Each structure stands twice: as C-alpha cells, then as structure tokens.
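So the protein lines, in turn, are chains A, B, C and D. Just so we're aligned, residue 3 is where the first sequence starts under my numbering, counting upward by one. Just so we're aligned, residue 3 is where the second sequence starts under my numbering, counting upward by one. Just so we're aligned, residue 3 is where the third sequence starts under my numbering, counting upward by one. Just so we're aligned, residue 3 is where the fourth sequence starts under my numbering, counting upward by one. The next block holds one structure in the form of structure tokens; read it before the comments.
Number of protein chains: 4
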Amino acid sequence: MTKPLNVGMIGYGFMGRAHSNAYRKVNHFFDLEYRPVLKAACARSADKVKAFADKWGYESIETDWRKLIERKDIDVVDICVPNNLHAEIAIAAAEAGKMILCEKPLARTGPEALRMVEAVEKSKVPNMVWYNYRRVPAVTLAKKIIDDGKLGRIFHYRSQFLQDWTINPELPQGGTALWRLDVEAAGSGVTGDLLAHAIDLAMWLNGPIAELNAMTETFVKERKHNLTGKVEKVGIDDACAFLARFQNGSLSLFESTRYARGHKALFTFEINGEHASIAWDLHDLHRLQYFDHRDEGIVRGWRSIHVSDGDHPYMGNWWVPGLQIGYEHSFVHQVADFLDGLAKGTLAQPDFRTAYHTQLVLDAIMASAKERSWKKVEA
Amino acid sequence: MTKPLNVGMIGYGFMGRAHSNAYRKVNHFFDLEYRPVLKAACARSADKVKAFADKWGYESIETDWRKLIERKDIDVVDICVPNNLHAEIAIAAAEAGKMILCEKPLARTGPEALRMVEAVEKSKVPNMVWYNYRRVPAVTLAKKIIDDGKLGRIFHYRSQFLQDWTINPELPQGGTALWRLDVEAAGSGVTGDLLAHAIDLAMWLNGPIAELNAMTETFVKERKHNLTGKVEKVGIDDACAFLARFQNGSLSLFESTRYARGHKALFTFEINGEHASIAWDLHDLHRLQYFDHRDEGIVRGWRSIHVSDGDHPYMGNWWVPGLQIGYEHSFVHQVADFLDGLAKGTLAQPDFRTAYHTQLVLDAIMASAKERSWKKVEA
Amino acid sequence: MTKPLNVGMIGYGFMGRAHSNAYRKVNHFFDLEYRPVLKAACARSADKVKAFADKWGYESIETDWRKLIERKDIDVVDICVPNNLHAEIAIAAAEAGKMILCEKPLARTGPEALRMVEAVEKSKVPNMVWYNYRRVPAVTLAKKIIDDGKLGRIFHYRSQFLQDWTINPELPQGGTALWRLDVEAAGSGVTGDLLAHAIDLAMWLNGPIAELNAMTETFVKERKHNLTGKVEKVGIDDACAFLARFQNGSLSLFESTRYARGHKALFTFEINGEHASIAWDLHDLHRLQYFDHRDEGIVRGWRSIHVSDGDHPYMGNWWVPGLQIGYEHSFVHQVADFLDGLAKGTLAQPDFRTAYHTQLVLDAIMASAKERSWKKVEA
Amino acid sequence: MTKPLNVGMIGYGFMGRAHSNAYRKVNHFFDLEYRPVLKAACARSADKVKAFADKWGYESIETDWRKLIERKDIDVVDICVPNNLHAEIAIAAAEAGKMILCEKPLARTGPEALRMVEAVEKSKVPNMVWYNYRRVPAVTLAKKIIDDGKLGRIFHYRSQFLQDWTINPELPQGGTALWRLDVEAAGSGVTGDLLAHAIDLAMWLNGPIAELNAMTETFVKERKHNLTGKVEKVGIDDACAFLARFQNGSLSLFESTRYARGHKALFTFEINGEHASIAWDLHDLHRLQYFDHRDEGIVRGWRSIHVSDGDHPYMGNWWVPGLQIGYEHSFVHQVADFLDGLAKGTLAQPDFRTAYHTQLVLDAIMASAKERSWKKVEA
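Given below as structure tokens:
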C-alpha cells in the first residue's frame, strides 16, 4: 500500500493547477511508495480558495498561510504565490518542520534565497524548487546524452525564452493575474520569470557559469497598475540578453523577452560539442534534435528524435511510441521523482541550494545590466 | 454540485488506462454538470482487474461483464476489450438500459455493427464510440475552418496512418497484448485498427465516401500464436491502401501500414480546397498547417499554427499559449463533450450509427481488396 | 583540349532555356572531354527563335526542323517541343544519324515511343531522355543508399507530384504557353507531365512496377482554347492517382494533380525498407530525409541530410558545404553525365528504351482509369 | 545590342569562380544594357591563372595585378584575393580610373577601409562590395516587407553565422586554401569572414548599430602554418558573439563560430516587430518565415514562404513557382543590379562607403572584446 503524503497548497493560480494535476495523476502512472493527498488549499480569498479546493478535491481550506503551516496534518507545503512571498513562507514552513516545494525563481534576490536555503538546511526538511523543464523527457534525454559523453568538449551553449504577450501597451501591471509585471511582486521581469528556467537547465546540462555580461530593456515604460489604478512606471525588464562563459570554457548567449512577435513560449537550448550537438524547443517539446559527426558522412544529418519510446526517460510510464505528452507531464515527473527520492533518501534536484546558485546568476545579470560590465558569478 | 455518473469499465489495457485518466481529469479542467465516478472495473482475471482498480481508484471489481451490466449502480458501460467482444456486450448493456461508450472500431463487420446500432436505438440509451482524434484541438480546429467555408470546393483529401512496430517477424500474434494481430479477435489488421480512425475523420471533415478501390498485403505470412503456441497463418492485413471518391466529388488516397520504418504513429490528413488547404500530423498533434491562397501573394505560405491559444478548441481549459497538450487529452475532451451533451440533451458524436457508416467503408475496403475491383460504399 | 559537340536545339521555351543553361555551364564546373557548342536553334517563328538565339549565343537559327537535322555541323539534336512532335522529329533525326536528347515524356503513348526506340536502336545513335530529377544530388544519394543495401527488403514506395496552377477555371488551354492543357499536344495531363517523372524515379530506385490501378479526374470540364478561340472540352486529366505493386513485392501509391492548393511543385517520394527509410521533396531539393533503425535506440530519428558536402553526388563540383544548388543544376549534371558517357562509351541513362518502359506504365494508368480495373504493366 | 563591359579578375579561388559564373550567366536571365566580357584573369601563378582562364573563357591572363590595372581594355577590376591585399589593389585601381568590385570584408580595419573609400570617391569610379546575401530573393523580400512597414516598431534583431569546419585541431592555417585562418591575411577570424555578412544585412534591414559589447574566443590556440611549416599561434577569433543596440531602439544578439558541430553554414536572421516577424536561414535560402499578428487569431501561424514565384524578387527571371535557385544566384543578381545601376546612373549598394560602416562595427567588436566593455559604433 502507498503511504499518504499530505499536501498543503498555498496559491490557486496557474501553478496551483499545474501542481494539483500532478499530485492527482502521479500514482496512476508511476509505481511509488508515497501518494500525495490534497489535504488543504490556502489563499486570502475564502471564496476563491473554496472554489479551487472543490474543483481539485482539496479536503479543506485555509485563508492564512500561517495556519496552514501550523497544521499537524500537513506534511508538505507547496508555495505557488508571487515571488515576494516565497521567503517568508518558506522560512516559516521550514521552522515548522514541513517539507517545502517552492515555485521558481526561489526568491527575488540571492540574499533572500540564501536565507531560505539556510532555513531548510537547518531544519533538514526535504525541499525542491519547481524548475519543471528538467523533466520534459526530451530535456532529460539531452542530459543523459551529455552524461554519456557523446558530445566531447563543449564549445557553445545558447538558450532563448521568447514570448510576445506584453507587446500591447494597454496591458496593465500588478494584481492577481499580472503580478509578473509588477517589480515589487516579481523582483524582476523576464530575468526571474523566464531566464531563470534557461539558466537552471544550462547549469544542469553544462555546469556553472563563470562570468556574464548583460543588457536589459523596458520597452513600455509606464502601464496602468491594477492595485493603485494609476499609470505607474514599469520596474521590470521586458527583455534581457547576456553573453556568458561557462567554467568548462564554452561560450554562451542567452536571451529572453516578451516582445518577440510570433513566439508564444519559444524556450530553446542548443549545445555544440566536439563530436555532437543537441537542440530542443518547448514549442515541440516532445522532440530532440541531435547531430552526431561520427555518423557515416554521406548520411549525416540532424536527427529529429520523437521522444515517445518506452526507453526514453519517463515515457515507459505513459502511452505507446508516437503518442506525445505535453507540458503538464513535466510536473508529474517532478512529483514522481520527489516521492521516489523521499522513499530512497536521495532527494530530487533542484533543491533550494541548487536554485540559490541560479539566483546568483540572476543577481549577476541585473548587476551587469545596470553597471554595463562583465560580472563574475559567485561560486 | 455536479451529478455523479457511475462508470463500469470493461477491460484494463491501454484504452482502459486512457479512459480512466480522462474520467479522473475531466472535471478539473471543464465545468460540467456531470462527474464520472469510477464505480467498477471488470475483467476475467480477478488479480489483474484488482490491481487496475487499485491503481485508478475504481470502487469495486467484477470478473463477469454480465454481472457488471446487471448492477443498478452502474450508469455507463465502457467497452475496452478486443473487437470480437464488442457486439455481445454492447447489445446486452443496451438491453439493460445502460449508456454505452465503446472502443473503436465499433465491430468487426458492418452487419455486426448494425445489430449494435439497432440495440442502442431500440433502448434509446446514449451511446458513443471512442474515435478520439476528432477532439485533438488541431483537428477540431480543422473542422471549424472547413465549416466556416474557408476552403471552397474540395478537390483532394489524403490520409495516412503509418507505423513500424510489426516488422520483426519474430513478433508473435494473439493473446492479451497482441490481439490486434489475431484476425479472430480483431476482425482485420490495419484496416480496422488504423484506417478506421482515418475514415472517421475523413467523413467528419469531408462527408461520405461514394466508392473506393483497395489493396491489402500481409508481409509476414506466419507468426507464432500466443494462444496456441504454434506458428500459424497470419489472417490480418499488414498494410492497406485505397483510392476513393467522396460524394462531394473530391479524389482521395488512404494508406495504412505497420511496416513503414521510421514512423511510430504517423497519422496524417490533408485537404485541398479551391481557396485553402489544411494538413495535420499526429506526431506533432498540437500543430495545424494551413495555407490560404487569399493571403497577399508575396507573403503567402503554409502557416504552422501552434494550436495552444485560449480561443483554439478546448485550449482555454488548459494552460497558456505555447504550452502543448498531448495524446491523452483527446479522451478528456471526448468525455467532456459526452457529459456536456448528456446535460443538454444533444449527444456527442460519433455515436453508434455514425460509427456504423465507418464500418461500412471498412467492409467495402475488405471486399474491394479481395475482389480487386471498385466498390460503392453503402449509404 | 575539349572536343566540341555541336548542339541543335529545337524549341525555345522553358526547357529550351533550362537545357541551354546546362550546355553553357557544364564545362565550367565539370572536367569533361567534350564541350557542347550552341550551333543552331530552331523554331517556326523566325523572330522568336532569333531572340532566343541571341540571348543564349546560338550561332545560327533555323525555322524548319528538317533543315536542322540535315545540317552536317549538327552532332546532337535536342527536342524541346510539345509531346506530339517528339516522334516525328526523333525518328527523322535518328535516320540522319544524329544523337538525340529528347524532353520527357518520350511520347504520347507506348506504341509511339516504341517507334522512336526502334529508330535510335537501328541507327545506333546515342540517345537520352530528360528525366532530370535523377540528377538532383539528394535523389542520386538516395539511389546510392539503396544500391548500398542500407534499406533491406522494401515494403512501401509512395510518391506525389502536386501543383496548384490550374485551379482557376478562366485559364485557357492550348497554344505555345499552355499546350500542356491541350490533350492533342500533350497526350495526357498530369499523367504524362508529372507522374512520368515520379514513375521514372520510382522504377530507377525500386525496380519495375508489376500492376496498377488508377483513377483520373478532370475538375474543370471546359476551357477556352487558345488555338480556336472557343470554349472546348478539356481532354486531359487534371488529377491522377494509382495503387501499384512493384515486382519486388512492395506496395505503392502515386498521386498527381494541379489542384492541390498551396503546393507549387511538391514532388516527393518515400521508400520504407526493413532497416531504413528515405524521403525527398522537390520543394527543398537539397535535403534528403533518412531514418536508420540500426541507430542506437534512444537517439534514433529521421535525419535531415543537407546534401551539400564534397562527398555528396555532384556536389564536389560546386561550392562548399552548406551552400545549396537549385533546380537548374539537375540539367547540368545530366549533360555532364551524357558527355562523360560519350567519352567512355557507356551512355547515360535514361535512354529511349528505359523511357519507353515508363511510357508503358503511363499507358497502363490511362487504361486502368478508363476501364476501372487493375492492369498488368507490360514488361 | 548590349554594351560590353570588360572585366579584369584578380584571384581564381572560390570567389573567382562564383563571380565568373555570375558574369557568364547574367545576360541569359536578365535584360540589361551592359554585358560583362571576361577580358583578363590575374594571379601570381601563371599556370594556375591560365587553367582558370581556360576553364572560364577569360581572353587573357596577367601575373601582376599592376599590369592588369594599367590595361586600357579593362573597365572593371574584380578583387577576389585575401583581405590584406584589398586596399593596395583597390586604391591603385581607383587611381587608374577603373570601376571596382571588391570582395568582402572591404578591408582588415576601418582606417584601411577609409583609405579605399577616399580613393574611389576621389576618382569617382563606380564601386561595390560583394555582400552577396542581400540578393538572395528571400532576403530581398524581407527587405521589401520591412520597407512596406509591415513590422511596425522593431523590438529585436538576432543573427547567427555558424559553421563547424575548423574543429579538427590538425587543420593547418595559412596559404592559398586556408588564408582565412591566418590573421595576417584575413585581419580577423569569424568576425570579418562571417559576422561581416551578418552585420551588412542587419544594418541594411534594421539601420545603424549604436553600441555593442562583444566576446571572442580562439578554441585551438596553435596550428601548423602552411607558409612557415611550423606550429604557430593562431591569431584569429574562432568564435565571436556580441550584444548590440540599434539606433532604432531594438535589442540584438549576434553570434558566429566555426565550432558549431552540425552547422555547415547556418546563417540566420530574425527580426521581431510590433505587428510581424521575419526569419531566414541560409541552409534553406529559398524560404522566408513570416508571422503576422494581424492574421485572424485562430489561423495565425508562422508562414513558410517558398520564395519562387514570379512576383518574388528576381524570381521572374528564373524558372517557375516551386523550383528553387541556389547560392550562386545571389552573385548573378548582384551583377545584374550593378549593371542596371550603371545604365541608370544609380549605383547598386553596398558601395565602399556603406561597407566602411560595416568595417567600423567590426572594429568596435574587436575593441570591445579586447577591452571587455561596451563600445559606441562610430557614425
């Protein structure tokens, strides 16, 4: 029999849905010792959290996250609220001895993240950050290919996360739906929202970033603010790009924007090694592009791998070859790995400390863009 | 509050999983009056059905489908067993007044299917056949584009369903896992398994087929049979292709095989109209290709539509633009439409009668291939 | 020093240009014993052929093809006129002892073609038919891959040639520019114009076709005729599709049309073997798709080969890897091979006899479509 | 009758062939007042230049470029030698009153280029630099789309030129074939060779670059030198990437390398505007990707434009829709435009002055990479 693991969810937005779906599905597709139980959902608005809880089958609700954290019947706290609330909740949850699953980016700044790391390490509570794209099967396969040594010496890494949803200058900022445009709530714009994902994957696949040089831009300088009702200065970065050098000597470019017309969520990476190259793209997340120079010359070409076979990462748990899975499955995989790690005593990555290193890169980006100079990334 | 609708599932294989997943997810993503309740799962092997029921949360099990049908607490019977069992179960279920959701193809032959149609129509029970691909959002969008009249007069329709999983002659036939290779259980090979899907979509999108001319082939003539342990003649068609004319005057080619090396499940259709054309491919099911001749000449080209926006069919219920869904969601959509139809009194298609017409095309294919001549399709 | 080979060109249309370009370029890129010399161009209209000759540097003109054939200073006659004139000219040229390069299809019917074959074989004059697509480097590479045995037993061959330029019913038929729509001049519609190419490649790559079953359609039944000025019945086939079985046991589908909106000249073939598959598409003629099942499972996928390396067929004579060539180069390669064969005494294919076999397939198609039955292809 | 324009070609390498081919073909496909005549070819090695002249039909040879420039029968000097020789030849040719067509980059540095600009402007001789990619029809179409105002405000421009041919550390540097790896001959590595093209297109399409921040890398530090026979330090940049801001406020990333395994000559650009976006890729140079947000929402997608219609730039002069041209045609178009400009008195771009501005960007790149700081680009 599976052991219940009681989840207390804080937040009910996009990520609240994505995580709840993962908790509900994971045991149907993965054989695990633990089984998440949707114990309680928490948000300030009783009406809204009640509706959310009913929809997803949470057994109870709370309107004060402190109450949720105090509850004895909660094993895991899942933090799905704006970035500015992560630290306070996570530290309190750690002190209450709860396991913590926190949305990304871990915090708004490195120092804020460090306090969170110290809290979970002091309390020794299992912790994880929802950098979900590591568990897209094609991405996990890329990691395996790299770890198998197929690429040889790495020369280049490049990554983009391009969207186009904020081009309209009439779009307001702030409030429940648009907190990502409010610098107070989000900490930064595309840097923390999108590049954080790109950097998490990059360092997982290609090791630490040594130094970088960034530029940012805010194309629309003022937007109406939903909380104040007034037109206010936009504090976030609409776009950010940076050059980087990894510790392994490879050169790199990263770019993110919400002003790339035609790209809804074009998250890509490409890595060029001495012997082979890999490329991936979220818009067709079930495919991995692979080029191997060791193939016979006349039939050498980029291979489009349809990552849907039983021997591809995670795919043996789903359907049959040729039938693709989607975005939401990355969360199911992350929950599966977390639960599996819990059973085995080897916790799934990325944990808070790993996510803290990503935060240090984000800090270096913001500093570099501001000071217009190269910045070493803190080790 | 949602009204419960008690489901009795017969079978626990691939489709048992796909449907169970749909029942469990549908109310999390769609606002519906009804809510499926996993009441009972049924299969001959008590051990296996027990494991399946535990995994998916079915409240009880049965080992005799007649018992399941008799149960008062079952509203809907879901038939997920090999094709040779569909008719007997469905007719009995209809007589017992149960709603019926039956896997495709409806039956092994037209006459067998007709008995099923008569049974459900006599009993007036809601009924539906799991031709799930109609509810892939890109396919539903294709239907909408056609219904909007964007294509004009139709000249061509073509469709393929290509796989490569039976090339190995050592693969046996028959038994639980490989009943699709056993003509007694399946009725036919790729014709009933794969072309049935292609024909269902074709007639939904392009109207009735008037006549056709088919050829079939069995590349591997003998395989070990799992039920007898002996090498036996293979009775199914490994490949089937046919020419067709639709009632609307368009010309058509269909092809299906399990011997197309490199194609795991390449299910495609393309329709060419006077003004515009559409193409789709299951390997990238979240995309629709669209060409509109009325676009300005110098910037005219095939558009690759990433069907993931809120105004695309079904997609407003899932994530955000750019984030794709997968194969399993087509079943969730079909359940949602069935439940919605139930509430509104307008039952979701395809029902048994519609699926019977597909069966008549399958019969015409087999007759044409055998007699090497054109066959009219019965109206 | 290269030896001159005096060319007499009959016709000045699209193919006249394509061939003239090939003659002028071939020695700049290929080291050959022979060098084509543009000796004379011939057409009924003195003005038009003069302009053509000036443009391309033909040394003289003729307005009667019989005069051209009689000229002692002509070594090779190149026939670029409508299909209904091929036989008479070719037979006369053969009798005059000229080498003959004839546009495709060789003739309007098999018997007409046979007379041409007999004439050149009797006169023992070198002869060739301009099935140029064999010399697109990606296609030549496909042939090499097949000849190397990489595919194993062949299960399927499919080919399309889809265009969309005659959808407009106001387009007239007949005359210089539109003789392809006039059955008297062309013999047939898409069958002789487009499927002829598809069949030439198919039999080159996959061997003889044993039997076939075809359908044809004329979507626009009447068009104004440019020669008579009246609306007249359209005698050609606008679309044609057929099922076929090759002598090697593989199953096949062919389709051609000029009513596939969005496809300018989508000429494709795909061949599925036991171990590997190949696909090609004229719209991106410099790429070959290749799938090899013997690749390691987790990194297996269709390879997109950019056929532009020095070790790819013909490509060592052009630029550097990554830089593509285009349509016209296929003619250059065919001339190069013809000249090389001439020097070595092993004539380049396809010659008239080979093209006659293609003609027999075309005849079988027309007969099958008319009689609505399977037809064996004459050996 | 066309007027002859006598060409004196200096060099006989890759570019010598590409330009000679263009001179020979241009009048067959374009109606022009002028006709290039291949008057003389010049190189130090009499044997080699003789072979080249014979191959391409140059009427005479020279072994001293000073002699060539002095010849009265030469109208145009075409400079196809390594970069370090451009300035001296071009300045002497200008002083001799010759028109000059110079390979790119114009020079090794801005000051060197400026002397060349001053020479041609003083002598008032027509001059042009072979930034050939402007005349790939898809690229010219992109320019037209931009000039038509379809994009609106520009937010982003990105460009790559990725190759993989120098990964092997055993590849030597220097000499005739490999002068591009010798810093003395080339001036720089990928920056002058590849990024120069990317920058020329970028400034043509998107206006001047205001400032940039670059990094460069030399992955293989030492290579055998073909001129000395010794292993020597590699002075060129193997890879270069930079961030930039255009004067129009758009943000930009550029990258170039010869170490991107799998990319033979992947030259791309993408431009994102308020209303529409454009992308192009040399590996499929006959296609242009176009996204227009003003398309109806549910059928909105990236359009793959097959740039082969009669109303596409230059394409009316070639074949028929669907039939692609290749790399070499960009040179034919540039010659056509040069000759046409000559006849009309409006000289084709880019001329030396325009190419000098590209040179200033190259200088800024090298300075920025060395000093690790942002650099304004000289206006």
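Built from N, CA and C at the ideal position, the CB exists for glycine as well. Given the structure is predicted, the values throughout are model-derived calculations rather than measurements.
Item: Interface residues of chain B facing N170 of chain A [CB-CB closer than 8 angstroms]; Value: Result: empty, since nearest Cβ-Cβ is about 14 angstroms, beyond 8 angstroms.
Item: Supposed contact pair N134 of chain C and F340 of chain C - C-beta distance, whole angstroms, cut 8 angstroms; Value: No, F340 of chain C and N134 of chain C are not in contact; Cβ-Cβ is about 11 angstroms, not under 8 angstroms.
Item: Touch test, the region 297–312 of chain A against the region 270–277 of chain D, Cβ-Cβ under 8 angstroms, three pairs minimum; Value: no
Item: Whole-angstrom distance between D77 of chain B and G324 of chain D, CA atom to CA atom; Value: 57 angstroms
Item: Within 7 angstroms, strictly: CB atoms of V379 of chain B and A366 of chain B; Value: yes
Item: Span separating the alpha-carbon of G99 of chain B from that of F269 of chain C; Value: 54 angstroms
Item: Assumed close pair D239 of chain C, S161 of chain C - CB separation to whole angstroms, cut-off 8 angstroms; Value: About 17 angstroms separates the two Cβ atoms, so there is no contact after all.
Item: Beta-carbon neighbours of D311 of chain B, restricted to chain D and to distances below 9 angstroms; Value: G299, I300 and R302
Item: Cα-Cα separation between A92 of chain C and G13 of chain C, rounded to whole angstroms; Value: 13 angstroms
Item: Proximity test, A121 of chain C beta-carbon vs the ligand NAP heavy atom, cut-off 6 angstroms; Value: You won't find the ligand NAP in this model; it holds no ligand whatsoever.
Item: Span separating the alpha-carbon of N215 of chain C from that of V309 of chain B; Value: 38 angstroms
Item: 7 angstroms Cβ cutoff, H21 of chain D in contact with chain A; Value: no
Item: Cross-strand partners of R37 of chain C (DSSP beta bridge); Value: C:P6
Item: Residue of B:G209, B:P174 and B:V192 minimising C-alpha distance to N228 of chain B; Value: B:P174
Item: For F16 of chain C, the first and last residue of its enclosing alpha helix (DSSP H); Value: F16 to F31
Item: First through last residue of the beta strand (DSSP E) which encompasses E72 of chain D; Value: From DSSP, E72 of chain D is part of no beta strand (DSSP E) but of the alpha helix (DSSP H) over W67 to E72.
Item: Own chain partners of T142 of chain C with C-beta closer than 6 angstroms, once the 5 adjacent residues on each side are dropped; Value: P315
Item: Neighbour flag for W376 of chain D against chain A, beta carbons, 7 angstroms; Value: yes
Item: Stretch pair the region 352–361 of chain C + the region 146–166 of chain C: three plus CB contacts closer than 8 angstroms; Value: no
Item: Inter-residue spacing [alpha-carbon to alpha-carbon] between G264 of chain B and Y292 of chain A; Value: 16 angstroms
Item: Minimum C-alpha distance to E257 of chain B - residue among B:P210, B:R225, B:A200 and B:I280; Value: B:A200
Item: Status (buried if at least 16 other CB within 10 Å, exposed otherwise) for A369 of chain A; Value: exposed
Item: Residues from the region 312–341 of chain B in contact with chain A, defined by Cβ distance under 9 angstroms; Value: W320, W321, V322, P323, G324, L325, Q326, I327, G328, Y329, E330 and H331
Item: 7 angstroms Cβ cutoff met for I211 of chain D and F248 of chain D; Value: yes
Item: Pick from B:R68, B:E186, B:V51 and B:K5 that is closest to Y60 of chain B, judged by C-alpha positions; Value: B:V51
Item: DSSP state of R302 of chain D mapped onto helix, strand, coil; Value: coil
Item: Residues sharing a beta bridge with R247 of chain B, DSSP; Value: B:E213 and B:L253
Item: Proximal chain B residues relative to H308 of chain D, where beta-carbon distance stays under 7 angstroms; Value: G303
Item: Selection of the region 40–58 of chain A by Cβ proximity to chain B, strictly under 7 angstroms; Value: K57 and W58
Item: Nearest-angstrom Cβ-Cβ length linking H21 of chain A and D75 of chain A, presumed shorter than 8 angstroms; Value: H21 of chain A to D75 of chain A, Cβ: 19 angstroms. No contact.
Item: L349 of chain B versus S125 of chain B: straight-line alpha-carbon distance, rounded; Value: 15 angstroms
Item: Whole-angstrom distance between D49 of chain A and N85 of chain A, CA atom to CA atom; Value: 23 angstroms
Item: Assigned secondary structure, S279 of chain B (DSSP; H/G/I helix, E/B strand, else coil); Value: strand
Item: The beta strand (DSSP E) enclosing K226 of chain A, as first and last residue numbers; Value: E224 to K226
Item: F221 of chain A versus P6 of chain B - alpha carbon distance; Value: 51 angstroms
Item: Counted within 10 angstroms of its Cβ, other Cβ atoms place S47 of chain B as buried (16 or more) or exposed; Value: exposed
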